[in-house]
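Written out below as structure tokens is the structure these notes cover.
Number of protein chains: 2
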Amino acid sequence: MAYKNVEGGVTAPKGFKASAVYAGIKSKKSEKPDMALLLSETATSCAAVFTTNKFCAAPVIIGREKLKAAKLRAIIVNSGCANAATGKEGIANADKIQNEAAKLLGLEPDEVIMSSTGTIGVQLPVEKMLEGVKKLVPLLDKKNGHDAAYAIMTTDTVSKEMSFELELSGGTVTMGAMCKGAGMIHPNMATMLAYFTTDAVISADVLQPMLKDAVDKSFNMTTVDGDTSTNDSLFLIANGASGVKVETEADKKAFKEALDYICIGMARKIAADGEGASHLMIVEAQNLRTLKDARLVAKAIAGSNLFKAALFGQDANWGRIIGAAGYSGADFDTEHLDCYLESCAGKIQVMKEGAGLVFDEDKAATILKEKDITVIVDFHDGKECATAYGCDLTYDYVKINGDYRS
Amino acid sequence: MAYKNVEGGVTAPKGFKASAVYAGIKSKKSEKPDMALLLSETATSCAAVFTTNKFCAAPVIIGREKLKAAKLRAIIVNSGCANAATGKEGIANADKIQNEAAKLLGLEPDEVIMSSTGTIGVQLPVEKMLEGVKKLVPLLDKKNGHDAAYAIMTTDTVSKEMSFELELSGGTVTMGAMCKGAGMIHPNMATMLAYFTTDAVISADVLQPMLKDAVDKSFNMTTVDGDTSTNDSLFLIANGASGVKVETEADKKAFKEALDYICIGMARKIAADGEGASHLMIVEAQNLRTLKDARLVAKAIAGSNLFKAALFGQDANWGRIIGAAGYSGADFDTEHLDCYLESCAGKIQVMKEGAGLVFDEDKAATILKEKDITVIVDFHDGKECATAYGCDLTYDYVKINGDYRS
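Protein chains in written order, with this note's numbering: chain A, 1082 to 1487; chain B, 1082 to 1487.
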């Protein structure tokens, strides 16, 4: 599916504005923006998924509750502080900031939601953030989608955005997206922080199952380090500003395909920018008996520390690939497995019918020098396939996380 | 429980002999012994647990089968080659080597078992190993327990052995043990390679459930990198040479406690010698509603890449501890959680009733400088407790596994 890309990221669809400021949540030395605001000028339909972590953050607790009211108009996001494991004080702090934003925007408190990302267990600097909100509101502008995406970054090295047009039977709609995430990435029913916007006319009850399905095959198939965050949240906001309805079955199919495209695209961006990563790893588990088996295999390989370290060393150590497949919990016949490594430099078979091949190590090394590496495990034991997204395990991952708080 | 330690490791119990040689499986430059033989002079009772990895190695497939015959007398172990993902040729190769050993030892083929550890997907160098067997048999001696433990090492930096005496109602029995394991450590119903010996008189049907229970609270609570091996095998061999029966309920209890002591002791040794590790991590999950919940929490924390990297950085980043507890799958109330970090340099509380404390960072740093670090998470939400064993994630782990095959 080829879409027409447009500028603007999360504010590309009609009727969306954003702003970003440095509020002082992060240390002065970075001076990187640490607060963002996203606004829809009109009422929206909204779908969302959240972390399954028991220690979910205050904003996740509040967000789940507010989503029931389904009146979302604005989202405040901060980096530098996760507001997780902060007790009742954390919830009260988030409420204060949301309410201030609602007041300044002329909205009901129920229409504003907040997301936080950063260090766990530290209270939000409320006074600084109330000042931040005051600065954010007058700066709201359609051209600030990128600034917002930049402000929500933590250890991300690049901002993660998409925006493109989609042709439906009634006309053109625009889709936009931003997300952040580089470490603590092993989503389970949700993901990182991600905000998708569209100006299509579509109801929340149609959006939610579409989003769930798209997330299951994208973010939920992504892993950087096996650690599921306390703050994972994904919002999909449709404000109908294009006036174009997602109406016919063909429209719904096209919209769902576009949503898959965003989710997979953003999941790839997160995996490629995994903390310390030097390689994006794409694992294709092919021809298993059930989708569940295929997903288990693909995700286990993408998450194997041993294979991740081998990939960093550009070592075609396929024993670790099948080791991970073997402990994935998936059911399969081991007798017919073929295994391949592929990149833009070529493709090499390293295993045939369940046993290792003697292969050209020089060719393998050339393939593994590239940034994006695809691992293909074909079980010839069914028809179900799944793809997982991950990255290698590097010295820099250890360095980044050996001293994250300072 | 204090036991009287004795010399000898796996050959400390009466009636056991061992030998070790360099057979040339590993590269010449190391010249480290790579084959070991363990023999009981008399018939044995035997219990065993094996890996649950679907791609289990040829020796595991054969071992499972032979254990049914329950006539074990001798075990051959090699390092340097795992004989996993080697198809029918791998099974035939293992059979050849076992049969040669049986012939030279004057035993039935069913009485000899083989274990392999090392690189996956490479065939055993059969000719070299048949020569190795010929050298091993005449070298068999009671004094070679340590040499055998040394020969089965791969990336282990120290050999892992225990031996001590246990007083039963009928007299003294001796227990011995050796094991190897440093990477690909995340046992599931089994572990690494481990061999426990005793000269107690005890039947296999009493041994097996005891072993299963002891393994569940030790090796199955140990993780180095989340990767479950294709070759995990644990054998417990009782040859009755002491003439002392494990007969009364008190004897069985004492024997089981000694078995727990070995299993936990060996699991700690493996975690402490985890690939690249600079810290042993002991995680005590306290006062949860079910044992399953307590085990899930303890093992998730011990396995968290993020906390493992923080521990390497000697950073008291308890947010990652509760992050891991939260995604462990355990059910608990988050409101009453207290969290402590402890080592021989002291103990510090970092979290109280579900929220972070402002604590003395200098004191925390002093505590985290020590090698053995205990993490205590007390949920005040039940009475079940569990302990898990792990290590930190270091540059050296990445280095070791970035180029394991060469």
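Cβ atoms here follow ideal geometry from the backbone N, Cα and C, with glycine treated the same way.
In the structure shown, Leu1418(A) falls within a coil segment according to DSSP collapsed to helix, strand and coil.
Inclusion of Glu1242(B) and Tyr1084(B) in the CB contact set at 8 Å is not warranted, their separation being larger than that value. Counting along the chain, Tyr1342(B) sits inside the alpha helix (DSSP H) bounded by residues 1330 to 1353. Of Asp1222(B), Asp1306(B), Ala1319(B), the smallest CA-CA separation from Gly1262(B) is found for Asp1306(B). Counting only unbroken stretches of 3 or more residues, the beta strand (DSSP E) elements lying wholly within the stretch 1188 to 1218 of chain A are 1193 to 1197, in sequence order. DSSP places Val1296(A) inside the alpha helix (DSSP H), whose first and last residues are 1285 to 1297. Neighbours of Leu1387(A) across chain B, judged by C-beta separation under 7 Å: Gly1264, Met1265, Asp1306, Asp1308, Asn1482.
The beta carbon of Ala1445(A) is closer than 6 Å to those of Ala1397, Ile1429 in its chain, skipping five residues each way along the sequence. Ranked by Cα distance from Leu1120(B), the first of Asp1441(B), Leu1377(B), Lys1223(B), Gln1289(B) is Lys1223(B). Thr1200, Ile1201, Gly1202, Val1203, Gln1204: these are the residues of the stretch 1190 to 1217 of chain A whose beta carbon lies less than 9 Å from some beta carbon of chain B, given in chain order. Its chain contains Glu1465 as the residues whose beta carbon lies nearer than 6 Å to that of Leu1372(A), once the 5 sequence neighbours on both sides are disregarded; these appear in chain order. In the DSSP annotation of this structure, the continuous segment of the alpha helix (DSSP H) that includes Val1479(B) starts and ends at 1476 to 1483. Of Gly1096(B), Pro1114(B), Lys1480(B), Leu1188(B), the smallest CA-CA separation from Glu1356(B) is found for Lys1480(B). Every candidate beta strand (DSSP E) stretch fails here, since none sits fully inside the stretch 1373 to 1422 of chain B while reaching 3 residues.
Fully enclosed beta strand (DSSP E) runs of no fewer than 3 residues occupy 1126 to 1131, 1155 to 1159 of the stretch 1117 to 1168 of chain A, in order along the chain. Of all C-beta pairs linking the stretch 1310 to 1321 of chain B to the stretch 1271 to 1290 of chain B, three or more are shorter than 8 Å, placing the two stretches in contact. Taking 8 Å as the cut-off between beta carbons, the residues of the stretch 1436 to 1457 of chain A near chain B are Ala1436, Gly1437, in sequence order. For Tyr1103(B), no beta strand (DSSP E) encloses it, and the DSSP letter there is neither H nor E.
Using a CB distance cut-off of 8 Å, Leu1474(B) counts as an interface residue toward chain A. By the Cβ test, the stretch 1317 to 1331 of chain A is not in contact with the stretch 1396 to 1416 of chain A, since fewer than three Cβ pairs between them sit closer than 8 Å. Where Gly1226(A) is concerned, the enclosing alpha helix (DSSP H) starts and stops at 1226 to 1232. Those residues of the stretch 1144 to 1167 of chain B placed with their C-beta closer than 9 Å to a C-beta in chain A are Ala1163, Ala1165, Ala1166, Thr1167, ordered along the chain. In the three-state reduction of the DSSP assignment, Leu1221(B) falls in the coil class, being assigned neither a helical nor a strand state. Pro1140(A) and Tyr1478(A) have their C-alpha atoms some 27 Å from each other.
Annotated three-state conformation of Asp1459(B) is strand, per DSSP.
Counting the other CB atoms within 10 Å of its CB gives Thr1279(B) a total of 16 or more, which places it among the buried residues. Residues of chain B with a Cβ closer than 8 Å to the Cβ of Lys1334(A) do not exist, since the nearest Cβ in that chain sits about 34 Å away. Counting every other CB atom within 10 Å of its CB across the protein chains shown gives Asn1159(A) a total of 16 or more, marking it as buried. For the pair Gly1090(B) and His1227(B), the CB atoms are nearer than the 8 Å cut-off. Note that the C-beta distance between Phe1136(B) and Gly1251(A) is not below 8 Å. In this structure Ala1391(B) touches Asn1482(A) by the C-beta definition: roughly 6 Å separates them, less than 8 Å. The beta carbon of Asn1134(B) is closer than 7 Å to those of Thr1309, Ser1310, Thr1311 in its chain, skipping five residues each way along the sequence. Tyr1476(B) and Gly1264(B) have their C-alpha atoms roughly 14 Å apart. Taking C-alpha positions only, Ala1138(B) is separated from Pro1190(B) by approximately 19 Å.
Nearest to Asp1374(B) by C-alpha distance, out of Pro1219(B), Ser1244(B), Ala1469(B), is Ala1469(B).
Between Val1479(B) and chain A, the shortest Cβ-Cβ separation is below 8 Å.
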